[in-house]
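Chains as they are written, first to last, in this note's numbering: chain A, 22 to 480; chain B, 22 to 480; chain C, 19 to 504; chain D, 19 to 504.
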Amino acid sequence: MPFIPHTEDDIQKMLETIGAQSIDQLFDEIPAHLRAGALDAIPPARSEMEIMRLMSDRAEQDSGALCFIGAGAYEHHIPAAVWDIAARGEFMTAYTPYQAEASQGTLQLIYEFQSMMTALTGLDVSNASLYDGASGLAEAVLMAIRANRKSKSKRVLIAGTVHPLYKKVVNSIVHNQKIELVEVAFDSASLTTDLSALSQFEGDDFAALVIAQPNFFGTLEDVHQLTDWAHQQKMLVVGVINPTAATLISPPGEWGEHGADIAVGEGQPMGIPLASGGPYFGFICCKQALVRQMPGRIIGRTVDLDGKEGFALTLQAREQHIRRSKATSNICTNQGLAVTAATVYMSLLGQEGIERVARACHANTNHLASLLSAVPGVEVVSTGPRFHEFVLRLPKSSRLVLEHMELQGVLGGHDLSDTFPELENCILVCATETKTDQDLNGYVNALEISLKELEAVEC
Amino acid sequence: MPFIPHTEDDIQKMLETIGAQSIDQLFDEIPAHLRAGALDAIPPARSEMEIMRLMSDRAEQDSGALCFIGAGAYEHHIPAAVWDIAARGEFMTAYTPYQAEASQGTLQLIYEFQSMMTALTGLDVSNASLYDGASGLAEAVLMAIRANRKSKSKRVLIAGTVHPLYKKVVNSIVHNQKIELVEVAFDSASLTTDLSALSQFEGDDFAALVIAQPNFFGTLEDVHQLTDWAHQQKMLVVGVINPTAATLISPPGEWGEHGADIAVGEGQPMGIPLASGGPYFGFICCKQALVRQMPGRIIGRTVDLDGKEGFALTLQAREQHIRRSKATSNICTNQGLAVTAATVYMSLLGQEGIERVARACHANTNHLASLLSAVPGVEVVSTGPRFHEFVLRLPKSSRLVLEHMELQGVLGGHDLSDTFPELENCILVCATETKTDQDLNGYVNALEISLKELEAVEC
Amino acid sequence: MLIFERGVKGRTATAQAPLVKADVTDIPESLMRKNKAAMPEVSELQVVRHYTNLSRKNFSIDTQFYPLGSCTMKYNPRGAHKVASLPGFLNRHPLAPESYSQGYLASVYELQEILKEVTGMAGVSLSPMAGAQGEFAGVAMIRAYHEKRGDHDRCEIIVPIAAHGTNPATAVMCGYKVKEIPVLNDGDVDVDALKEAVGPQTAGIMMTNPSTCGVFERQIEVIAKVVHDAGGLLYYDGANLNAILGKVRPGDMGFDVLHMNLHKTFATPHGGGGPGSGPVAVGERLLPYLPTPIAGIEDAGGEPDYCWLGEEALPDSIGRLSAFMGNAGIILRAYIYALFVGRDGMQRVSEFSTLNANYLMKKLADAGFDLAYKDRRATHEFIITLSKQSKELGVTAMDFAKRLLDYGYHAPTTYFPLLVPECLLIEPTETESIDEMDGFVEAMTQILKEAENSADLVKGAPYTQPVKRLDDVKAARELDVSYSPQ
Amino acid sequence: MLIFERGVKGRTATAQAPLVKADVTDIPESLMRKNKAAMPEVSELQVVRHYTNLSRKNFSIDTQFYPLGSCTMKYNPRGAHKVASLPGFLNRHPLAPESYSQGYLASVYELQEILKEVTGMAGVSLSPMAGAQGEFAGVAMIRAYHEKRGDHDRCEIIVPIAAHGTNPATAVMCGYKVKEIPVLNDGDVDVDALKEAVGPQTAGIMMTNPSTCGVFERQIEVIAKVVHDAGGLLYYDGANLNAILGKVRPGDMGFDVLHMNLHKTFATPHGGGGPGSGPVAVGERLLPYLPTPIAGIEDAGGEPDYCWLGEEALPDSIGRLSAFMGNAGIILRAYIYALFVGRDGMQRVSEFSTLNANYLMKKLADAGFDLAYKDRRATHEFIITLSKQSKELGVTAMDFAKRLLDYGYHAPTTYFPLLVPECLLIEPTETESIDEMDGFVEAMTQILKEAENSADLVKGAPYTQPVKRLDDVKAARELDVSYSPQ
Ligand SMILES: Cc1ncc(COP(=O)(O)O)c(C=O)c1O
Ligand SMILES: Cc1ncc(COP(=O)(O)O)c(C=O)c1O
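Written out as structure tokens, the structure is:
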């Protein structure tokens, strides 16, 4: 019996102690006619060896391409130490640290994580993680509405340059509470949020303005201007950021005159593998004044009976297990293991290391963009300052070009055509520090061949 | 500076404390003209990311074949838990357990390992490991010569069916001490050691007889007869065994009337990956009476000041670090990490699990042999009872056939032609529990195609 | 000591970052970071040593018996972790085209089918990232259902008071009011109270069965009828699915929708607080509303061709709940676990977790502990109450919990459910052996003796942990939630 | 508790073995096993928990400062372990054809070249599986050399008394007699004694430089001349190569052959006692005798083609020392380490290990400890002697060592080399930070105070480990080296 230690003797002894005839008898409170039959649709048990073999084949099926897709999930080098440590049984198979004295490892680690996130974002307080960047943004929106006492509306302004999937997720989550997201159009030439587009909302009651830096297109926004504008309008500012970039470019805490109020984002770049999209983790940081509106767990430093330093869950009165229907969120299980990995990653790299990664990404992106701008018919749409992503306009159907590149083992980018009609045949291309010059040339080759093939088909 | 934590400040502070001007000054006792220059032949440092990439490509180069080679190293399923545990920092980065109180983990584990090996072999005592099976056999031969007080010769009889590479290693190691290995011819029909071949040595002075079970060809010897014969001749019996097989077939302790005196072998099948040949580990077990002749480390159970059970290195007076030139061996560092993995493997599988593995291997071998015996021109030479290997005679040059199979991604076996002139165009084929029916059929196909291709070439 | 405090200016794990520091000239100065982030500056060895040592300050399944009720701390197969960590799985980009996704999609699809079978439901979406998000998806579907039918007055979700805190919190996040109903002394829901509570305002009820009282809700069919008759739907909180896996199916009990905690029932690691995975399963009525994406299949004759079903395929969906596809790696681990235990193993999960719980309950009762529901069968968990000890000896459930740590056992869940005073909710799980449980009973018996003879000893516990009892009040009052260098 | 004692008849980790128990009918009954082996019968969780907990009873580099002299306990890069664990490397059969070996062979070949460069020698063989086997290979080559020249009377190997125990033991395994020569008070070899010792019977000398006294042998050129003039060869025990890596090359010092301990200098993990890797490097004279196999290269114009060189290529070789190719995985890790640190990093290894040792030596001297060689530079390690404390306070080096464990530091090497009484041989290695060393000095200072004020406290140490001091005498007298069930 896989994973079940009971021998026939054990079972007999236990049943005798209980005073039952059979295991089945232990289920006698379940109405007999409700009892399930055989689960025929489920295959019989396999051994670890068989599973390993089956799944290795499946993993193999999905491998082998050179990937230039970013769009919210980024390939970075992950130091070997990161998962060696995170996968230690003591981290991986512990529960939420409810018994603080027996969980100081996890608790101190999260305290350190919180400290790293506040350092990166330039804000005061961090929680222990949310599910992912997108749902994290939904929580940030809810939080901003609770926190902005000056706003009576349940409306939030959101830049059109925020990740489209994030906008969808936020909407799925907040619309039930009758919260309205109002989108600010972006300038399709500069791929940024124009102050002029905001002016139409001047004087309106919104709880917050949501902006992304770098934005979905990898372009840098003028966050200082946007932040100051929102603050003048008595809106809170929610910044969606990339933690890698935060070591290089101005972090939310430094935006404008007073800094953004809340920063959220996807933690994946901090040592978490792409892994089909998860588990990643969402981070959220805010100014001290907003801490009681923060969703999720927070770890605090305190002392024990002897006055010795120790760590414990704190401000639990915000949470569902204490506050139930009055909680700041329903989140309970979060993304602890990913946070463990991220904490190790951030410790290993530090400001200097992450900044080097950021710079290498930046250099690679620029290099690839300049290589591509030499390809006839192709246009690099993103012109302003950017971070590891840019928009490329193709002379043919972007869907077809990408398919042709796929056949050559190159995933050329994320297609923007469907989501952004104004960006027809445009794709979003990403090059991180993992890409070598050879890889970049491989991209160019694959693209050129694909374009030629499509040319040929047309003739 | 990779792995070096010193900052410029640290260096200055340390030099000041020491009272030196520069790091270089610390080397002033080395005659200046001996100082090395730049190490131009060594490439500059690389980052972990670059190394990972380079080496992944190299690992890829060596992958992808379906392997039917055994000949001393066997592909078995290795439970995921095995290396997850062995790779824990506390096991992997500890030294030899000289400070017993701070090494109870490793010490108890080795004590348990010793207990498992004695259980498997049916003997009384095990050491903590030797380098590998082959060098382990050399140690066993030296040990037998020391231990057999009745023999005055420095000669040892060795069955011709012992692994040919083992015989070479034993010879490289023992010949310096003027020890002579005398080989017993084997019967090339039965592929076993004939009692009649032994009779010519009757009455001669040999310290020991070395036999292998299963032997190099995967064939089972009549170990009872051989053991009793050797004991009658006042020789000690050294058995070279496969630990997987030991759960299924008679272990050394049960051989003949009195059991073998020493058992050695390659520990690799107990959870150690093929990994190009190492690190594996050699195991050695013996009867209680011989324990003081045992080479290498031994762990003993004892008590602490409070009478609490604990473990420590024992009988160190046999070892080189105490006994120096009078030691039973020069071995110091052994194969601790591999032993750690093997101990976890053996705990997970137990007698029942390992026996199932052995039975599955046996079944696969028989199945493959019967499939192959249906291939025209091909002959299964091994007819007697066997364990996961057999000898196959090919109708063409074995070298060429194997090369043709290789091109189809099948490593068809180990070529015997060069080593055994009497087995011209014979190969040694191995099928363990990892092989599926599909794999076995794949073998047959690849062989048939290869034979056809060679046929075609000849015409 | 904090990792920050081990740092020295300029130190770093050099091998881990690009060796060259590339120039940046095209980003305007105003957009560049002004102050370096105050991150740790430490060597690779320091990081490895610091976190290795921190890990050793945790209790975990891999090191201790961990009978934390409602949390299902069972063995997390190392094999599942290894398989899910194959480079092919780790390196797949979430937006990779379907041609590079067939291996992953096949696994997702098959897990959906397996979960349909064990729940008795018509459809499954794996995208919710934990139980609470599964609850959200479920209640949002209930809402979407009523709205689609123009049934706009249903503004209330009924929740028994024993429910997990996520239930009421979720209802509120979905824009509902919460109406709590009581539970009887035998642990079952008060059906009379329910009858009074339902009405045209009832959107649905959220139930856990077995409830967090550790007993099977025997009136479930009556409850289902009452709620359905009132036009409401039944939500099943499947966090406790371990208790009934393969024995009784939520679909057969009358539930319209449920979430499962794969990180519990399907043995994927808890990771010190996550990640989880909280798939939802629905009956026919709610099929159109499932959250996206879902793995679909196009059977074009030969090999099956797997694809993602998104908005286009499910226009009435409640939408996406994560940027990509939920906690993909946890989903993969759960699928692998299902392969490990197989058809029969599913049933064994509930059989042996129930056997263990009933055994442990009996032994503790024999040792003098009071059961909260002594005339009931334990399910996969059960409750003891230390009211008597608390009153007579001044030793609380919390004291028992802390003292257990000294005996090398993680404490059971304390003070939950709230309706049982001084309670410990105990869940041994099926992967623990009788020996481990006997040891636990032994420890509890000792602590009871200690409580009788030297109460202060127990009240001062723990003594053997890295810290003694912590000052929670100070933690909240003098808030220190991030390190700032001097 | 032993793993055996956790077992119960019939229990097993089911997922790990083939699910079907195949029949065996063709093996005669007499050859089948009669009594089942008394192996553990435990569940997968029990195994994981047992060994996870056992591991926690160890000190290790990953958890503690471990200044064990002569053992080079430095950081073992996790990256090297990960790369060496790539499936492509783990699954390669040692007898795989060269077409499936180019990746591995390229790495082996390049490591050979790197080791030639750092040692200044003409050829390298990676096959020895640890330092002691490297010594064996080296001395066997010396023997083969003399024999090939018909120089049959050379029957003696000279060994300074400070040498590691493996040196004399190896000489004997190679059929030699051992002649020990003394070491002077300043740590250098007594050259006069050496001059008297050499003669036509001298096959060679085995030297360690820096010696195990932790000092550089300043007379090395004189020694080389004396031995060479007498017709002997010089063997270099390179276990201490960490001290001189890239600073001075054994080949340039006049050595004919050496072994290296890759598991020390090249940072591959010690694994609680191995595995190691002890490659040998030789000058021109000994090239023909290198042990097989060696990686060779056939440069056929384009891509290099790597191959194995065996007996045919090296007919005078001393032969094979392992069934396959030594500790291949350790060789791979060492190669990866070389890639990590690169050309300059090689030199930094010796620079910073020497800096650390001299710093720590000075701090301990300032704290009142006696240095064994106080007028000498430390190399990568140094010796303090506690003779005074032992005589005056009755507190021995062993007591200091045990008490250090209570302070969370692994003890230095004790009572080695034998010629320095009550000594501790201390090697901090280059990967430790100044903070860690300062902490160690602090602990030593405290213990010294304790020794002065409450000697019994120190003599009773350790107190904080899983066991107190163990009874070694009982262990040897009442030999219990394997478990037998009752
Ligand atoms: C009964 C019950 N419902 C819901 C949840 C919430 O699940 P999650 O923590 O995965 O969000 C839990 C567990 O925490 C639970 O025990
Ligand atoms: C100086 C010296 N020589 C030789 C050896 C033997 O090396 P190994 O243990 O790898 O056999 C050691 C280490 O143990 C050593 O320190």
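Think of the CB as a built atom: it goes at the ideal place given N, C-alpha and C, for glycine as much as any other residue.
| Asked | Found |
| --- | --- |
| Nearest-angstrom Cα separation, counted from glycine 106/D out to serine 77/B | 8 Å |
| Beta-carbon proximity list for glutamate 443/A, same chain, < 8 Å, skipping 5 on both sides | Ser209 |
| Rounded separation between leucine 442/D and phenylalanine 77/D - CA only | 18 Å |
| Aspartate 362/D at chain B interface by Cβ criterion, 9 Å | yes |
| Boundaries of the alpha helix (DSSP H) in which leucine 413/B is found, first to last residue | Here leucine 413/B belongs to no alpha helix (DSSP H); instead the beta strand (DSSP E) covers 410-414. |
| Cutoff 8 Å; reference isoleucine 482/D; Cβ partners in own chain excluding five residues on either side | It is threonine, not isoleucine, that sits at residue 482/D in the sequence shown. Closer than 8 Å at Cβ, skipping near neighbours: Leu423, Asp424. |
| Where the beta strand (DSSP E) containing glutamine 234/A begins and where it ends | 229-234 |
| Cβ-Cβ separation, threonine 268/A to alanine 55/C (assumed contact under 8 Å), whole Å | 6 Å |
| Any non-hydrogen atom of ligand 1 closer than 8 Å to aspartate 255/C Cβ | yes |
| Any non-hydrogen atom of ligand 1 closer than 8 Å to isoleucine 179/C Cβ | no |
| Residues of its chain near valine 190/C, where Cβ-Cβ distance is below 7 Å and the 5 sequence neighbours each way are ignored | Val196 |
| Under 9 Å by beta carbon: chain B residues contacting phenylalanine 358/D | Pro23, Phe24, Ala66, Arg67, Ser68, Glu69, Ile72 |
| Enclosing alpha helix (DSSP H) for serine 217/A [first to last residue] | 216-220 |
| Where glutamine 82/C meets chain G, residues with beta-carbon distance less than 9 Å | Of the chains in the structure shown, none is chain G; the protein chains are A, B, C and D. |
| Close Cβ partners of glutamine 198/A (< 8 Å) along its chain, the five nearest in sequence each way excluded | Leu163, Lys175 |
| Distance cut-off 8 Å: glutamate 340/B Cβ against heavy atoms of ligand 2 | no |
| The region 171-190 of chain B / the region 141-148 of chain B touching (three or more Cβ pairs under 8 Å) | no |
| Contacts around isoleucine 200/A, its chain only, beta-carbon distance under 6 Å, and the 5 residues preceding and following it disregarded | Lys175 |
| Host alpha helix (DSSP H) of arginine 322/A (start-end) | Taken as a continuous stretch (DSSP letters only), arginine 322/A belongs to no alpha helix (DSSP H), being part of the beta strand (DSSP E) at 319-324. |
| Neighbouring residues, chain C, relative to alanine 33/D (Cβ below 8 Å) | Pro95, Gly97, Phe358 |
| Validate contact between the region 65-77 of chain B and the region 339-358 of chain D using beta carbons, cut 8 Å, 3 pairs | yes |
| Best match in Leu186/B, Glu469/B, Ile270/B for proximity to serine 48/D [C-alpha to C-alpha] | Ile270/B |
| Close beta carbons around arginine 236/C, own chain, < 7 Å, minus the five adjacent residues each side | Asp206 |
| As assigned by DSSP and simplified to three states, the class of valine 312/B | helix |
| Proximal chain C residues relative to glycine 110/B, where beta-carbon distance stays under 9 Å | Val66, Arg67, Thr70 |
| C-beta atoms of leucine 389/A and lysine 473/A nearer than 9 Å | no |
| Residue-chain proximity (glutamate 153/C, chain D), Cβ-Cβ < 9 Å | no |
| CB contact below 9 Å: glutamate 29/B versus chain C | yes |
| Interface residues of the region 439-450 of chain D facing chain C [CB-CB below 8 Å] | Thr449, Glu450 |
| Aspartate 317/C - DSSP class collapsed to helix/strand/coil | coil |
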